[in-house]
Amino acid sequence: MVVKMQMMSVKKIISIKKYKIMKKILLMCLMSLAVLAINSCKQDKLEPVAKDGVAPGPVTNVSVENLHGSAKISYALPNDADLLYIRAVYTTKQGVVRETKVSRYNSNLTVVGFGDTDAYQVTLYAVDKSENASAPTMVTVHPLTPSVRLVRDSLVVSPDFGGINVKFVNATEESLAIVVLSNDSLKQFVPINTDYTSLKKGDFSTRGLPATPTKFGIFVRDRWGNLSDTLMVTVTPLFEQLLDRTKMKGIVLPTDAPLGYGGNIAGLFDGNVNDGFYHTGDASRMPQQFTFDMGVTAKLSRLVWFMRPSFFYTLHNPRVVEIWGSNNPNPDGSYDSSWTLLVSHTQIKPSGLPEGQLSQADIDAALAGETVTFPLNTPKVRYIRFRTLKNWSNGSYVNFYELMMYGDATN
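So the sequence shown is residues -37 to -1, 1 to 374, counted in mature numbering (1 follows the signal peptide of the UniProt record, and there is no 0).
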């Protein structure tokens, strides 16, 4: 029995030793494979697939089409089987060297980012798969007036509620920033608003300023850092105030949407964007509306609504709306001559992401509230109809949490 147990112990010791030896061999194999893989990657990274040391021929038959802030350069490709791409190299007035590359399947390229109409020299190279570059081909471009200057020359500034309105034309649909400057609390002339746009034409407002003569500067910047000169104006903003929510109350007309799920119009004016809400009931259908009395007659500048928390840009939040105004609404709830359409508005999700996905820009915009801007020629009204044509889920309910009205109720 003792001999048998000793034999079993010897076998166990041998088995453990074999296991350790196999483990060591396996570890060494894995390390060897890792070294091979790293060396292989280094070779792949450093060594071109084809390496011949022979440069391709240069591009020929070069022609130039000058564009706004850019130039399109066309050429004939060299007859080299291993040609990979064409590279254009040029230097800006600020001393920045820029490159544009296109594949061998293109017979033209566009050099961009010029901030003036001066002459610029562009050097073209044909490059093969071994990164051999051809002899340089020089060409001179004379860009047309850049977009920053075109848009700057189109600017029209006018007084707006609490600030100014800036209209612009951007015929090239370039991605631009239009920057508004004014004095801050320390009397420093600094940017107070920036509008980013690629629209062909549009306008935007800068608000939050008193109704006193104010100096403004407006200039245009592109993505390459080119700047226009600054338009200087002195404008007196129109008076604007947040209308007193405690004077506002809902009124129910026969054609207004039935309420449900604890919703009521009063919740829109309780000063709380996280509690107290408007919600329509099961019998509601699109389009639908609710009506309220502002308690004062005012020339309106803005309406701001706040979506249901945790449900931004989804479900029953309004998406496409109309705002109607009246001073003497017909009690039958009809849209007759007693009501005037003040503005139509569609809410846009800043990121464009699918439903259920939010960027930080989406969250910031939702927390700031959705702003509906009224035209400057909007008549004075006392009664408002908030008419929803479509919500974010294409369903039949409307639900949101707060509503604010801005304008001038002093006269």
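Virtual Cβ for every residue (Gly too), placed ideally from N, Cα, C.
The structure presented is a predicted model; accordingly, all values stated were derived computationally and were not measured.
Anyone know if the C-beta pair for residue i and residue j falls short of 9 Å?
i      : j      : result
SER121 : VAL132 : no
LYS14  : THR73  : no
LEU231 : GLY225 : no
TYR159 : MET257 : no
LEU316 : ASP325 : yes
ASP219 : GLN251 : yes
VAL119 : VAL111 : no
LEU194 : GLY78  : no
PRO109 : GLY32  : yes
GLU365 : VAL236 : yes
THR80  : LEU107 : yes
GLY58  : TRP187 : no
GLY16  : SER97  : no
Could you round the C-beta distance between residue i and residue j to whole angstroms and report it? I think they count as a contact, below 8 Å.
i      : j      : result
VAL90  : ARG50  : 6 Å
GLY296 : PRO217 : 4 Å
ASN290 : THR254 : At roughly 13 Å, the Cβ-Cβ gap does not stay under 8 Å, so ASN290 and THR254 are not in contact.
THR341 : LYS262 : 6 Å
PHE139 : ASP185 : Looking at the sequence itself, residue 139 is Leu, so the reference to Phe does not match. Rounded, the Cβ-Cβ distance is 6 Å, consistent with contact.
GLN84  : THR103 : 6 Å
PRO313 : TRP302 : Wrong, their Cβ atoms sit about 32 Å apart, outside the cutoff.
THR177 : SER145 : 6 Å
Below 6 Å CB to CB, which residues in the same chain sit around residue i once its five sequence neighbours on both sides are set aside?
i        : result
GLU203   : PHE124, GLY125, SER264, TYR369
VAL267   : GLY332, THR334, MET367
ASN156   : VAL143, THR169
ASN362   : HIS242, ARG271, HIS279
HIS105   : ASN29, ALA82
VAL284   : HIS308, THR351
ILE(-24) : Low per-residue confidence applies at ILE(-24): pLDDT is 42, beneath 50, and the placement is therefore not dependable enough to give any value.
SER356   : LEU278
ALA(-1)  : Model confidence at ALA(-1) stands at a pLDDT of 49, short of 50, so the residue's coordinates are unreliable; what they give is reported in the following sentence. So the list is empty, once near-sequence residues are dropped.
GLN6     : Caution is warranted here: a pLDDT of 44 is assigned to GLN6, below 50, making its placement in the model unreliable, and no coordinate value can be reported.
ILE141   : ASP158, VAL183
ARG115   : VAL183, SER191
ARG282   : GLN310, LYS353, ASN354, TRP355
ASP233   : GLY239
VAL52    : GLU62, THR86
ASN95    : ALA18
PHE269   : VAL236, GLY332, TYR364, GLU365
Pull up the DSSP beta-bridge partners for residue i, would you.
i           : result
MET211      : Note: MET211 sits in no beta bridge, so no partner.
LEU266      : VAL335, MET368
GLN251      : THR351
PRO281      : ASN354
LEU194      : ILE181
GLU28       : LYS35
GLY288      : THR303, ILE347
TYR53       : ARG61
SER117      : DSSP, once it has assigned bridges, lists no residue as partnering SER117.
LYS164      : VAL132
ALA140      : TYR159, ARG184
PRO101      : Just to set this straight, residue 101 is Met in the shown sequence, not Pro. THR86.
VAL74       : ALA34
LEU222      : THR243
PRO122      : ILE127
residue 384 : In the structure as shown, the chain starts at -37 and stops at 374, and residue 384 therefore has no counterpart that could be examined.
ASN362      : HIS242
ALA261      : VAL344
THR108      : Its beta-bridge partners do not exist; DSSP assigns none.
GLN310      : The partner list for GLN310 (beta bridge, DSSP) is empty, contrary to what the question assumes.
Spatial neighbours of residue i within its chain, please: CB distance less than 8 Å, with the 5 preceding and 5 following residues excluded, ordered by chain position.
i      : result
THR70  : For the record, residue 70 in the displayed sequence is Ser; it is not Thr. Closer than 8 Å at Cβ, skipping near neighbours: SER37, TYR38, ALA39, LEU40.
ASP371 : PHE124, LEU201, PHE202, GLU203, GLN204, ALA261, LYS262, SER264
LEU9   : Because LEU9 sits at a pLDDT of 47, beneath the cut-off of 50, its placement in the model cannot be relied upon, and the point is left open.
GLY171 : GLY125, GLY126
PHE337 : LEU263, SER264, ARG265, LEU266, ILE286, LEU305, VAL306, GLY370
ASP147 : VAL153, ILE155
ASP45  : ALA13, ASP15, PRO19, ASP91, LYS92, SER93
ASN42  : GLY20
Considering only residues of the same chain and omitting the five flanking positions on each side of residue i, which have a CB-CB separation below 7 Å?
i        : result
MET(-37) : Only weak support exists for where MET(-37) lies, its pLDDT of 42 falling under 50; the value from the coordinates is given anyway. Taken in chain order, the list of residues that qualify is empty.
SER26    : SER37
SER359   : SER247, ARG248, MET249
ALA174   : THR199, PRO200, LEU201, PHE202
LEU47    : ARG67, VAL90, ASP91, LYS92
ASN24    : TYR38, ALA39
PHE349   : GLN252, PHE253, VAL284, ILE286
MET101   : GLN84, THR86
LYS343   : THR260, ALA261, LYS262
Does the CB of residue i have a neighbour CB from chain B at under 9 Å?
i      : result
ASN156 : Checking the listed chains, one finds no chain B in this structure; it contains a single protein chain.
Check your understanding: Are the region 206 to 213 and the region 150 to 170 in contact at 8 Å, needing three or more beta carbon pairs?
Key -> Segments in contact, no.
Exercise for review: State whether the region 270 to 277 contacts the region 178 to 192, with contact taken as three or more CB pairs (one from each stretch) at a distance under 8 Å.
Suggested key: Not touching, per the Cβ criterion.
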